[in-house]
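To keep things clear, I will list the structure first and then write my remarks on it.
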Amino acid sequence: MYQSVHNRAILMCEVNTRERRDYRGSSGEPQQHHDAEKAEQSLSRSEHLQKHQQIPTDDQSHCCSDCGKGCKSSSELKIHQQVHTGEKPYCCSDCGKRFSRSNSLKVHLRIHTGEKSHHCFDCGKSYLRLKSLKVHMRIHTGEKPYSCDQCGKSFTISSCLTIHQRTHTGEKPYSCTQCGKSFTTSSQWIVHQRTHTGKKSLSCTQCGKSFTHLGSLLSHQRKHTGEKSYSCDQCGKSFTQSSNLVSHQRTHTGEKPYSCDQCGKSFTKSSSLIVHQRTHTGEKPHSCGQCGKSFVTSSHLIEHQRTHTGEKPHSCDQCDKRYSDKRSLIKHQKIHGRTHTGEKSYSCDQCGKSFGQSGELTVHQRIHTGEKPYSCGQCGKSFGRLCHLTQHQRI
Numbered sequence: 000m001y002q003s004v005h006n007r008a009i010l011m012c013e014v015n016t017r018e019r020r021d022y023r024g025s026s027g028e029p030q031q032h033h034d035a036e037k038a039e040q041s042l043s044r045s046e047h048l049q050k051h052q053q054i055p056t057d058d059q060s061h062c063c064s065d066c067g068k069g070c071k072s073s074s075e076l077k078i079h080q081q082v083h084t085g086e087k088p089y090c091c092s093d094c095g096k097r098f099s100r101s102n103s104l105k106v107h108l109r110i111h112t113g114e115k116s117h118h119c120f121d122c123g124k125s126y127l128r129l130k131s132l133k134v135h136m137r138i139h140t141g142e143k144p145y146s147c148d149q150c151g152k153s154f155t156i157s158s159c160l161t162i163h164q165r166t167h168t169g170e171k172p173y174s175c176t177q178c179g180k181s182f183t184t185s186s187q188w189i190v191h192q193r194t195h196t197g198k199k200s201l202s203c204t205q206c207g208k209s210f211t212h213l214g215s216l217l218s219h220q221r222k223h224t225g226e227k228s229y230s231c232d233q234c235g236k237s238f239t240q241s242s243n244l245v246s247h248q249r250t251h252t253g254e255k256p257y258s259c260d261q262c263g264k265s266f267t268k269s270s271s272l273i274v275h276q277r278t279h280t281g282e283k284p285h286s287c288g289q290c291g292k293s294f295v296t297s298s299h300l301i302e303h304q305r306t307h308t309g310e311k312p313h314s315c316d317q318c319d320k321r322y323s324d325k326r327s328l329i330k331h332q333k334i335h336g337r338t339h340t341g342e343k344s345y346s347c348d349q350c351g352k353s354f355g356q357s358g359e360l361t362v363h364q365r366i367h368t369g370e371k372p373y374s375c376g377q378c379g380k381s382f383g384r385l386c387h388l389t390q391h392q393r394i
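Heads up: the sequence shown at position 306 corresponds to 305 in numbering that gives the first Met the number 0, and the numbers run straight through without jumps.
Have a look at this one:
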């Protein structure tokens, strides 16, 4: 078909040239000035014809001498060869990052200008690239075209499927050269390496907090804006991250895809499994720079560091009392439930008496059962409450 079109184009070029050659004025005599102009046009068209005739009929006649890949044009071949040479002639004037294609540089520059020209008509969210918008649209359509052939789980993008399949194979292709620790994704590997260098290059413009990668910064910034783009279609609860929504939805489905290979306990999140596995290994990777105390999770380290700084960010909205961790605040609110809310969530099934805390109910029930778990080591007398034993021992 291409050869046929090519031949027709040559034929039309020849016909037009012949028509121009046979052209005469209205008097039938050659018009010298007019013919000179036409001759110049004919020459121009002849040059185009010559170039046209040089177009190869084979769609991929330009072959790479390194890998044999066929390209449609010499310019396309030149761009491809930069893969082998490593040449990146297009440089960003803002950050110095280099690119092999001018179009790639153009897209990159939008990071600095903030331009996001591709908009979602459903939620208004904007993206730098059309490809990113198409992937985002699958959140609204529910389309998950990439399925795992082992467990049937589906994904919106192929890279997520590839990473997921490593949970079946156990493959961790990214290894740290300093400590030998391996990771399933390159992003995890990059973030881990910063634990050795201490580098945190991304900072929040509102509070100054620093982050090792862009995703964490963007998630953090939503705390300031209050944006929660991801909503559960079953209960309506909203989340700042799609991954948090996925984890939440498992509370409805009961799915716990992450299992401990030592004790069999299952979890809804991979991060919960990682933390749990440290109970077997005894690993405490998060250390306090002031006193050297180590912790299983970074959140526990942050809470501990407040004992040094005196920071108490959690306040009771009823009495303004402040706490360094959220658990203490919740405990406080339950203790004062009687005065603030009147809430007494724990009721005795024998006499109906209610209590603000489960511990208070447990102690109360010993009145009915006669249980006295606290014994004096000197005289053997037993007590239902620890405080009663302590008082007895002071006598």
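Every residue, glycine too, gets a C-beta built ideally from N, C-alpha and C.
Q | Environment of THR56 [buried if 16+ CB atoms lie within 10 Å] | A | Position 57 of the sequence shown, counted from the start, is the residue given in the question as residue 56. Low local confidence applies: a pLDDT of 45 at THR56 is under 50, so the model's placement there is unreliable, and no value is given.
Q. With burial defined as no fewer than 16 other Cβ atoms inside 10 Å of the residue's Cβ, what is the status of GLY355: buried or exposed?
A. For the purposes of this step, residue 355 is taken as residue 356 along the sequence shown, with counting starting at 1. Classification for GLY355: buried.
Q.
Could you tell me the alpha carbon to alpha carbon distance between THR201 and GLY376, rounded to whole angstroms?
A. The residue labelled residue 201 in the question sits at position 202 within the sequence shown. The residue labelled residue 376 in the question sits at position 377 within the sequence shown. It is worth fixing the name first, because residue 201 is Leu in this sequence and not Thr. Whole-angstrom Cα-Cα distance: 59 Å.
Q. Going by other Cβ atoms of all chains shown within 10 Å of its Cβ, with 16 needed for buried, is THR267 buried or exposed?
A. Locating residue 267 in the sequence shown gives position 268, where the first residue counts as 1. Its Cβ being crowded by 16 or more others within 10 Å, THR267 is buried.
Q: Measure from the alpha carbon of LEU300 to the alpha carbon of each residue in THR308, LYS311, CYS287, then state which is nearest.
A: Counting from 1 along the sequence shown, the entry for residue 300 is found at position 301. Selection THR308, LYS311, CYS287 evaluated against LEU300 yields CYS287 as nearest (Cα-Cα).
Q. Between LEU388 and ILE366, what straight-line distance do the alpha-carbon atoms span, to the nearest angstrom?
A. As a working note, residue 388 is residue 389 in the sequence shown. As a working note, residue 366 is residue 367 in the sequence shown. Computed Cα separation, rounded: 16 Å.
Q: Would you mind giving the Cβ-Cβ distance between SER271 and HIS285, rounded to the nearest angstrom? I have them listed as a contact below 8 Å.
A: As a first step, residue 271 is located in the sequence shown; it is residue number 272 there, counting from the start. As a first step, residue 285 is located in the sequence shown; it is residue number 286 there, counting from the start. The Cβ separation is near 16 Å, so there is no contact.
Q: Helix, strand or coil for ARG384, going by three-state DSSP, please let me know.
A: Numbered from 1 along the sequence shown, position 385 holds the residue referred to as residue 384. DSSP places ARG384 in coil when its eight states are reduced to three.
Q) In this structure, what does DSSP give as the bridge partners for LEU201? A) As a first step, residue 201 is located in the sequence shown; it is residue number 202 there, counting from the start. Note: LEU201 sits in a beta bridge opposite PHE210.
Q. If you follow the alpha helix (DSSP H) that VAL295 is part of, which residue opens it and which one closes it?
A. Sequence index remark: in the sequence shown, residue 295 carries index 296 (1-based). Where VAL295 is concerned, there is no enclosing alpha helix (DSSP H), given that its DSSP letter is neither H nor E.
**Q.** Nearest candidate by alpha-carbon position, reference THR166, set ILE156, LYS152, CYS178
**A.** Counting from 1 along the sequence shown, the entry for residue 166 is found at position 167. Nearest of ILE156, LYS152, CYS178 to THR166, Cα basis: LYS152.
Q) Which residues share a DSSP beta bridge with GLY69? A) As a working note, residue 69 is residue 70 in the sequence shown. Bridge partners of GLY69: CYS62.
Q: Check the DSSP bridge columns for ARG321 and list the partner residues they point to.
A: Numbered from 1 along the sequence shown, position 322 holds the residue referred to as residue 321. According to DSSP, ARG321 bridges with SER314.
Q. Apart from the five residues on each side of it in sequence, which residues of its chain come closer than 8 Å, Cβ to Cβ, to HIS363?
A. Stepping through the sequence shown from its first residue, residue 363 is reached at position 364. Same-chain partners within the cutoff: CYS347, LYS352, PHE354.
Q | Other residues of its chain near PHE154: CB distance less than 7 Å, five sequence neighbours each side excluded | A | By 1-based counting over the sequence shown, the position of residue 154 is 155. Around PHE154: LYS143, TYR145, LEU160, HIS163.
Q.
Considering only the alpha carbon of each residue, which of TYR229, CYS147, CYS234 lies closest to ASN243?
A. Translated into positions along the sequence shown, residue 243 becomes position 244. Taking only the C-alpha atoms, the option nearest ASN243 is TYR229.
Q. Mind checking whether HIS223 and GLN205 have CB atoms under 8 Å apart?
A. Taking the first residue of the sequence shown as 1, we reach residue 223 at position 224. Taking the first residue of the sequence shown as 1, we reach residue 205 at position 206. Cβ atoms of HIS223 and GLN205: closer than 8 Å.
Q: Give a yes or no on contact between the region 64–71 and the region 85–92, applying the rule of three or more CB pairs nearer than 8 Å.
A: no
Q | LYS283 beta carbon less than 8 Å from that of SER293 | A | The residue you call residue 293 lines up with position 294 of the sequence shown. The residue you call residue 283 lines up with position 284 of the sequence shown. The Cβ atoms of SER293 and LYS283 lie closer than 8 Å to each other.
Q. By the 10 Å Cβ neighbour count, where 16 or more other Cβ atoms means buried, how is PHE210 classified, buried or exposed?
A. Mapped onto the sequence shown, residue 210 falls at position 211. Per the 10 Å Cβ criterion, buried.
Q: Taking GLN289 as the reference, give the member of ARG277, GLY281, HIS307, HIS275 with the closest Cα.
A: Taking the first residue of the sequence shown as 1, we reach residue 289 at position 290. It is HIS307.
**Q.** Same chain only: Cβ atoms within 7 Å of CYS119, ignoring 5 sequence neighbours per side
**A.** By 1-based counting over the sequence shown, the position of residue 119 is 120. For CYS119, where only same-chain residues beyond five positions count, the Cβ hits under 7 Å are LEU132, HIS135, MET136.
Q | Residue of SER323, CYS315, VAL295, CYS318 minimising C-alpha distance to GLN304 | A | Reading the sequence shown from its first residue, position 305 is the one you call residue 304. GLN304 has its Cα closest to that of SER323, out of SER323, CYS315, VAL295, CYS318.
Q.
Only counting the same chain, and skipping five residues up and downstream in sequence, which positions put a Cβ closer than 6 Å to that of SER258?
A. Mapped onto the sequence shown, residue 258 falls at position 259. Excluding its 5 nearest sequence neighbours in each direction, SER258 has C-beta neighbours in its own chain below 6 Å: SER265, listed in chain order.
Q: Return yes when the Cβ of LYS311 is within less than 8 Å of the Cβ of ARG326, no when it is not.
A: Here the question's residue 326 lines up with position 327 in the sequence shown. Here the question's residue 311 lines up with position 312 in the sequence shown. Contact: no.
Q. Among the residues of its own chain, which have a CB less than 6 Å from the CB of ARG418, if the five just before and after it don't count?
A. The question about residue 418 has no answer, for the chain in this structure spans 0 to 394.
Q) Between ASP260, ASP232, SER237, GLN261, which lies nearest to THR252 when the distance is taken from Cα to Cα? A) On the sequence shown, position 253 is the one that residue 252 refers to. Nearest option by C-alpha distance: ASP232.
Q) Residues in its own chain within less than 7 Å of SER357 by CB, not counting five upstream and five downstream? A) Numbered from its first residue, the sequence shown carries residue 357 at position 358. Answer for SER357: TYR345, listed in chain order.
Q. Hey, SER101 and GLN81: beta-carbon distance below 8 Å or not?
A. In the sequence shown, counting from the first residue as 1, residue 101 sits at position 102. In the sequence shown, counting from the first residue as 1, residue 81 sits at position 82. The answer is no: Cβ separation not under 8 Å.
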